[in-house]
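Engineer: If you're matching them up, the sequences are chains A and B in order.
Here the first sequence stands for residues 10 to 121, where the numbers follow our numbering.
Here the second sequence stands for residues 339 to 450, where the numbers follow our numbering.
There's a structure below that I have some questions on.
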Amino acid sequence: SQKIEQNSEALNIQEGKTATLTCNYTNYSPAYLQWYRQDPGRGPVFLLLIRENEKEKRKERLKVTFDTTLKQSLFHITASQPADSATYLCALGSGGSYIPTFGRGTSLIVHP
Amino acid sequence: KAGVTQTPRYLIKTRGQQVTLSCSPISGHRSVSWYQQTPGQGLQFLFEYFSETQRNKGNFPGRFSGRQFSNSRSEMNVSTLELGDSALYLCASSLEATGEQYFGPGTRLTVT
Numbered sequence: 010s011q012k013i014e015q016n017s018e019a020l021n022i023q024e025g026k027t028a029t030l031t032c033n034y035t036n037y038s039p040a041y042l043q044w045y046r047q048d049p050g051r052g053p054v055f056l057l058l059i060r061e062n063e064k065e066k067r068k069e070r071l072k073v074t075f076d077t078t079l080k081q082s083l084f085h086i087t088a089s090q091p092a093d094s095a096t097y098l099c100a101l102g103s104g105g106s107y108i109p110t111f112g113r114g115t116s117l118i119v120h121p
Numbered sequence: 339k340a341g342v343t344q345t346p347r348y349l350i351k352t353r354g355q356q357v358t359l360s361c362s363p364i365s366g367h368r369s370v371s372w373y374q375q376t377p378g379q380g381l382q383f384l385f386e387y388f389s390e391t392q393r394n395k396g397n398f399p400g401r402f403s404g405r406q407f408s409n410s411r412s413e414m415n416v417s418t419l420e421l422g423d424s425a426l427y428l429c430a431s432s433l434e435a436t437g438e439q440y441f442g443p444g445t446r447l448t449v450t
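Have a look at this one:
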């Protein structure tokens, strides 16, 4: 069955460092992959989308890579700040489907 | 543009009762999806409506139903509530072309 795996353990880093979160998937051939940020008690907020034919995408301090051979996406936040502390969800979608499937997310804690 | 709005934000119900949640999508978005989020299962897809028709359905029992009105507003109904239905219910609207989901703040349902 299709599986999306994100590290269930929280990632703790110091302010100013680069945070790297991982999203692995199995039994899936996604046409696109998305990353969302979710703060406690609130709905997820869309951050970035990357398509299967793209290797990397950037937006301000965010960078996403997509390796369809490794079946993995990496999400980087450079020069991290305490305000970046949140849970980050990856979501995968198949071609022709506008409904992505979400991973359970990884909590990021940035210490001042 | 105004974001996705959901009402009510919090709800406490008793087992066996039914509940109706409401969602107003972003203006111009015709696709509305509903998700259930719990600590144990993460974000799970319930169903999606487009132009008043249910287009996609997740793996939830028939007690969970929904509908969409001509103005794209959507409602979700859960009948015969069970303790396990306690969750954050999230509504998301999207533009079809990208699959990006724009989430509302959610309705926190507690079943006692």
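From the three backbone atoms N, C-alpha and C, an ideal C-beta is built for every residue, glycine too.
1) Please report how far the alpha carbon of LEU58 of chain A lies from the alpha carbon of GLN47 of chain A, in whole angstroms.
2) Indicate the three-state DSSP secondary structure (helix, strand or coil) for ASP423 of chain B in the structure shown.
3) In whole angstroms, give me the CA-to-CA distance for GLU413 of chain B and PRO39 of chain A.
4) Do CYS429 of chain B and VAL342 of chain B count as a contact pair if the criterion is CB distance below 8 Å?
5) Is ALA92 of chain A helix, strand or coil when you go by DSSP?
6) If we define contact as Cβ-Cβ less than 8 Å, is ILE118 of chain A a contact residue for chain B?
7) Might you give, ordered along the chain, the residues of its own chain that have their beta carbon closer than 7 Å to the beta carbon of GLN382 of chain B, omitting 5 neighbours on each side?
8) Just to confirm the assignment, what range does the beta strand (DSSP E) spanning GLU386 of chain B have?
9) Just checking my contact of SER410 of chain B with VAL370 of chain B at CB under 8 Å: how many whole Å lie between their CB atoms?
10) Find the residues of chain A that neighbour TYR440 of chain B, judging by a C-beta separation of less than 8 Å, and give them in chain order.
11) Any residues in the region 371 to 403 of chain B with a beta carbon nearer than 7 Å to a beta carbon of chain A? Which ones, in chain order?
12) Please classify GLU390 of chain B: is it buried, with 16 or more other beta-carbons within 10 angstroms of its beta-carbon, or exposed?
Structural biologist: Let's see:
1) Cα-Cα distance, rounded: 16 Å.
2) DSSP places ASP423 of chain B in helix when its eight states are reduced to three.
3) In a straight line, the C-alpha of GLU413 of chain B is about 30 Å away from that of PRO39 of chain A.
4) Between VAL342 of chain B and CYS429 of chain B, the gap from beta carbon to beta carbon is short of 8 Å.
5) ALA92 of chain A carries a helical assignment under DSSP once its states are collapsed to helix, strand and coil.
6) ILE118 of chain A does not count as touching chain B.
7) Closer than 7 Å at the Cβ level, and outside the excluded window around GLN382 of chain B, lie TYR373, GLN374 and GLY396.
8) Element bounds for GLU386 of chain B: 380 to 388.
9) The C-beta distance from SER410 of chain B to VAL370 of chain B rounds to 6 Å, short enough to meet the 8 Å contact threshold.
10) Result: PHE55.
11) Residues SER371, GLY380, LEU381, PHE383, GLU386 and ASN394.
12) Note on GLU390 of chain B: under 16 other CB atoms within 10 angstroms of its CB, so exposed under the neighbour-count rule.
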